[in-house]
Each structure stands twice: as structure tokens, then as C-alpha cells.
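Structure first, then comments.
Numbering (this note's numbering), first residue to last: 89 to 412.
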């Protein structure tokens, strides 16, 4: 019982920890990163005249480019946190030799769906047009994110492989740039039907259920029927429907802790991708909580990062000339 209480306390501490990291991300001496061979370029606007909500940070690793590249999308229930709270993600990837574009996007409830996805699409278009000037090898590109960011990473991938009517989806699709890997950590891949977690996991706490409901209530458009799933609000539902794809799905690594209340969404994503003929690799981390990989000093978090590096090294490896 004490172990269970400790696990729940760790989960509740996660948002507090990451909020503190947001401040640390602004005051962290850039010399600390420079000492590790990482160059940090802050607050690059990815839309002309945009505010801070539509900027990104670039983490450039040591060495000569062009570099394999990761677009990282932070989590926070679509409501809180930022690229600054998630500086550790950029640092961890850059230390491993990846050029990282760590992005902000507009947050709910002030900016509801599809605002965040519009911004992610704009950031992706910026990367396609300007990434090479920062040292990106756009032929060796991955998309990653956790929790809400995993939802956005998966939805962005759907937009890149399926021709759709939404203008922001068309903008992403028309870049013609397809990632070679996607890493959605512990995603909330369906925003609607928040009660499904309690139905499938009767032991889920009321506190967790309430927090999930707040995410759905605040991110979905005003007046949206939360009992009606579908669309890019719910990327796993879109994939479960077996859509016609214009381009092949990239490989997915799907890390999740076995104590994560959102675990079923990761399982559903793996099944949906596999049914579509995709390469989907679900990785369980026994006893771990939501977004556990942020605790980078812990053994299983380190194992998760090692799995991430191995996956990216494999999928983003240079290809022989003439190989598509």
C-alpha cells in the first residue's frame, strides 16, 4: 500500500517538477550546455510576427552537420508547460548527436483545438523550409513528444501520410517532408470519451479521472460532444478507422510505463498502426508512471532513453546512395 501511495505521489509531483523545470530552462546557464558541446539558440519564431507561444529552441550537438534531427513537442495536458519546461528533452537528444527543434504552441483553454495542431503544422512547415540552414539533415528526421505532445506528434504524422481537408493539414502534407521515425511517449491519443479510462481500469483514482476530464473539457472545441470521437482531436481513432493513406507510415516507438493511467491509448495506437501495416514497437517499463522518462536520473528512465537512442540510430541511419 505504501508503495502505491508513493507511486501516486510521484505522479502528482510530475507537473510541479516540470513547472519548476520551466524556470530552470530559462535561467540554466548556456555555458553548462556549451560545456557538453551543445549550442542553444532560443526563441526562434516559426511564424512571422508570432508571439512567444509560436517559437522554438534549437539544440545543436557537437560536431559538423548536417545532423539527424528531432522535432520535439512538449506535453502538459494541452494546458500548461512549454519548451522551457522541457529543456531536458532537447539536451538529452542533443547529447546523443541529434539536432533538436523543441517547440512551443498555443495552450488551452484560451486556445482550443485545433490551435495547437495548427501551430505544430506551422512549425513543421518552418522546419521543412528552414531546417537545413540550422544544420538539419531533413532526410533523417524524427518527430517525438510526450502525453499531449504525443497526441500532437501522432496527429501530425496522420496529416503527413493522409490527404485531408483541413487547411493546416494540407499545409503539412504539402511540404512533402516525411519523417523516418515517430516516438510518442505515454500519449493521450483520444481526447473525447474521457470516461473510457475508468471503464477499462476500474481502479483508477477519482483524482486522475478528474484530471483527464479537465484535459478533454478544456482542449476540445466549445460545444464539442465529448461522446463523439474522431478527427485529428483523436488521432488513434482516425487510425483505427483504417483510413486510406497516400504515403507509408514511418516506424513508431511507443514507450509507456505500466502504471501509467493512459497506457491503454498506447496499446490502441500500436494495434491500429500494425493493422495498417506499420512498424509499431510498443515498449513497456514495469512499474513506471506517466512521463517517467522526464526523471532522467532513474534507472528505467535511462533505459527508456537508451531504447530511444537505439531506435533513432536505426531508423535515421544514413542510407546508401540511391536508396529511398
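Yeah, the Cβ is synthetic: ideal placement off N, Cα and C, and Gly gets one too.
Note that the coordinates shown come from a computational prediction; the quantities given were computed from them, not determined experimentally.
Hey, would you say the C-beta of residue i is under 8 Å away from at least one heavy atom of the ligand PLP?
i           : result
residue 122 : Only the bare structure without any ligand can be found here, which leaves the ligand PLP out of the picture.
Quick one: what's got a C-beta closer than 8 Å to residue i's C-beta in the same chain, skipping five residues either side?
i           : result
residue 399 : 269, 271, 339, 341, 369
residue 220 : 154, 226
residue 132 : 143, 144, 145, 146
residue 386 : 380
residue 395 : 341, 343, 371
residue 292 : 285, 286, 349
residue 362 : 368
residue 329 : 318
Which same chain residues, not among the five before or five after residue i, have their C-beta less than 6 Å away from its C-beta?
i           : result
residue 117 : Residue placement at residue 117 is flagged as unreliable, the pLDDT there being 45, under the threshold of 50; the coordinate-derived value follows with that caveat. Closer than 6 Å at Cβ, skipping near neighbours: no residue.
residue 184 : 397
residue 216 : 263, 265
residue 267 : 229, 230, 231, 338
residue 333 : 249, 250
residue 388 : 373, 376
residue 405 : none
residue 121 : 128
residue 158 : 181, 186, 188, 230, 232
residue 319 : none
residue 192 : 141, 143, 170, 171
How close, in whole Å, do the beta carbons of residue i and residue j come, if the pair is a contact with beta carbons under 8 Å?
i           : j           : result
residue 223 : residue 148 : 6 Å
residue 280 : residue 317 : 4 Å
residue 213 : residue 263 : 6 Å
residue 303 : residue 344 : Residue 303 to residue 344, Cβ: 17 Å. No contact.
residue 384 : residue 349 : The Cβ separation is near 22 Å, so there is no contact.
residue 197 : residue 306 : 4 Å
residue 372 : residue 403 : With 8 Å as the limit, residue 372 and residue 403 do not qualify as a contact, their Cβ atoms being about 20 Å apart.
residue 141 : residue 194 : 5 Å
residue 327 : residue 364 : 7 Å
residue 353 : residue 278 : 6 Å
residue 126 : residue 150 : 7 Å
residue 260 : residue 134 : No, residue 260 and residue 134 are not in contact; Cβ-Cβ is about 13 Å, not under 8 Å.
According to DSSP, what are the bridge partners of residue i?
i           : result
residue 191 : 144, 161
residue 368 : 340
residue 249 : Note: residue 249 sits in no beta bridge, so no partner.
residue 269 : 230
residue 128 : 147
residue 53  : The chain is shown from 89 up to 412; residue 53 falls before or after that span and cannot be answered.
residue 133 : 143
Only counting the same chain, and skipping five residues up and downstream in sequence, which positions put a Cβ closer than 7 Å to that of residue i?
i           : result
residue 300 : 282, 285
residue 309 : 200, 201
residue 358 : 342, 368, 370
residue 407 : none
residue 190 : 144, 145, 147, 160, 171, 174, 177, 178
Q: May I ask you to verify whether the region 283-296 touches the region 165-184, counting CB pairs closer than 8 Å and requiring at least 3?
A: Counting Cβ pairs under 8 Å, fewer than three are found: no touch.
Q. Should the region 238-253 be called in touch with the region 317-333, which here means at least 3 C-beta pairs below 8 Å?
A. Proximity of the region 238-253 to the region 317-333 meets the contact definition, three or more beta-carbon pairs being nearer than 8 Å.
Q.
Pairs of beta-carbons, one from the region 156-164 and one from the region 228-240, closer than 8 Å: are there three or more?
A. A contact exists between the region 156-164 and the region 228-240.
Q | Runs of beta strand (DSSP E) wholly within the region 204-236 (minimum 3 residues, chain order) | A | Those beta strand (DSSP E) runs which fall completely within the region 204-236 and span 3+ residues are 224-234.
Q.
Please give me, in chain order, every unbroken run of the beta strand (DSSP E) with length at least 3 that falls completely inside the region 279-345.
A. Segments of the beta strand (DSSP E) lying fully in the region 279-345: 340-345.
Q | Contact between the region 255-262 and the region 200-209 (3+ Cβ pairs under 8 Å) | A | Yes: the two stretches touch, three or more of their Cβ pairs being nearer than 8 Å.
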